[in-house]
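Peer 1:
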Amino acid sequence: MIQSDLDLFGPQPQRLASHTVLLPGFALAETEPLLDALRPVLRAAPFRHMHTPGGLRMAVGLTNCGTLGWVSDEQGYRYSPNDPLSGKPWPALPPVLLALAARAAALAGFEGFVPDACLVNHYLPGTRLSLHQDRDERDFGQPIVSVSLGLPAVFLFGGLQRADKPRRIPLSHGDVLVWGGEDRLRFHGVLPIKPGVHPRMGERRINLTLRKAGP
DNA sequence: AAGTGGCA
DNA sequence: AAGC
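Residue numbers (the UniProt record's numbering): 1 to 215.
#1: Pick out whichever of Leu119, Ile193, Met50 and Pro53 has its Cα sitting closest to the Cα of Glu137.
#2: Let's see if you can read the secondary structure: which residues bound the beta strand (DSSP E) around Leu16?
#3: Would you say Pro115 and Arg186 are within 7 Å of each other, going by their C-beta atoms?
#4: Below 7 Å between beta carbons: does that hold for Asn121 and Leu68?
#5: Excluding the 5 residues flanking Ala101 on each side, which residues of the same chain have their C-beta closer than 7 Å to its C-beta?
#6: Short of 7 Å in beta carbon distance, which residues of its chain neighbour Ile2, apart from the five on each side in sequence? Order them along the chain.
#7: Tell me where the alpha helix (DSSP H) around Pro53 begins and ends.
#8: Measuring CA to CA, which of Leu151, Lys88 and Arg103 is closest to Ala44?
#9: For Arg48, I'd like the list of residues in its chain whose CB is within less than 8 Å of its CB, leaving aside the five on either flank, ordered along the chain.
#10: Report the start-end ranges of each beta strand (DSSP E) in the stretch 50-124 that is 3 residues or longer and not cut off at the edges.
#11: With burial defined as no fewer than 16 other Cβ atoms inside 10 Å of the residue's Cβ, what is the status of Thr52: buried or exposed?
#12: What residues match up with Gly202 in a beta bridge as DSSP calls it?
#13: Three-state secondary structure (DSSP) at Ile2?
#14: CA-CA distance, Gly202 and Ser172?
#15: With distances taken Cα to Cα, identify the nearest neighbour of His19 among His198, Ala105 and Pro195.
#16: Would Ile193 and Thr127 qualify as a contact pair, given that the criterion is a beta-carbon distance under 7 Å?
#17: Would DSSP call Leu151 helix, strand or coil?
#18: With 16 other CB atoms within 10 Å as the buried threshold, where does Ala163 fall?
#19: Considering only the beta carbon of each residue, do residue 223 and Leu156 sit closer than 7 Å?
#20: Is it buried or exposed for Ala99, if we count other Cβ within 10 angstroms and need 16 for buried?
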């Protein structure tokens, strides 16, 4: 045989840590419905650059959909039901995205995941996201589901202390990463995006991060 | 050249 | 400090 017979079944889930699973290409068959669903979201709530509580501009453009959206300003990090740009509620979480997240979470061992927030991050070549924890959600028992679209990225997946040496996880268009349980508060980030052009997405990466933020 | 540490 |  030329390669492993396993290749006939497509890329297999990879367990990166006890409660962390990479599902290579899991969203590939649904990228078009996802992008169709994203278009009206971005019309209603365009990407914008938020600022850290210290007043520094974040390199990623971001927006949200769902009943809650992650925001950052001089007041700090928090979830808000309204888009500070429009004053209106964030656009609804598209059902196709909710369903995808629930299936991915279940595959990773998190049954009954019903996200109420999706942070949408926009990366141009050179954009990075420094090491941080997702800790603004109410229930750390709920996992995080991350969907990668467009240009590839190197995801940094660290430990519970900032100084823990992060692993480098290559992420491609259509990959889905799920982490929760004892991995829920691991520091993570994204290295600067390498210049390039994705055949479908152009010179950008979009990351959809689904969470259960509220009660 | 990363990886850390330290910082409002 | 999800930045420098």
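No residue lacks a Cβ here, since even glycine has one placed at the ideal position from N, Cα and C.
Peer 2: So, from the listed chains and residues:
#1: Of the listed residues, the one whose Cα sits closest to Glu137 is Leu119.
#2: Unbroken beta strand (DSSP E) run through Leu16: Gln14 to Ala17.
#3: Not a contact, by the Cβ cut-off of 7 Å.
#4: Here Asn121 is not near Leu68, since their CB atoms are 7 Å or more apart.
#5: Closer than 7 Å at Cβ, skipping near neighbours: Phe113, Pro115, Val145 and Leu210.
#6: Because the pLDDT of Ile2 is 49, which lies under 50, any placement of that residue in the model is unreliable, and the question is left without a value.
#7: Element bounds for Pro53: n/a, residue is neither H nor E.
#8: Residue Lys88 is the option with its Cα nearest to Ala44.
#9: Excluding sequence neighbours, Arg48 sits near Gly61, Leu62, Thr63 and Leu85.
#10: Segments of the beta strand (DSSP E) lying fully in the stretch 50-124: 61-66, 69-73, 76-80 and 117-123.
#11: Around the beta-carbon of Thr52, fewer than 16 other beta-carbon atoms lie within 10 Å, marking it exposed.
#12: His198.
#13: Annotation note: pLDDT 49 at Ile2 (below 50); position unreliable, coordinate value reported separately. Looking at Ile2 - three-state DSSP - the assignment turns out to be coil, as it is neither helix nor strand.
#14: Gly202 and Ser172: Cα-Cα distance of roughly 14 Å.
#15: Looking at the Cα atoms, Ala105 is the closest of the given residues.
#16: Between Ile193 and Thr127, the C-beta gap is smaller than 7 Å, which places the two residues in contact.
#17: When secondary structure is reduced to three states using DSSP, Leu151 falls in the coil class, being assigned neither helix nor strand.
#18: Ala163 is exposed by the Cβ-count criterion.
#19: Nothing about residue 223 can be read from this structure; the chain reaches only from 1 to 215.
#20: Exposed, by the Cβ-count rule.
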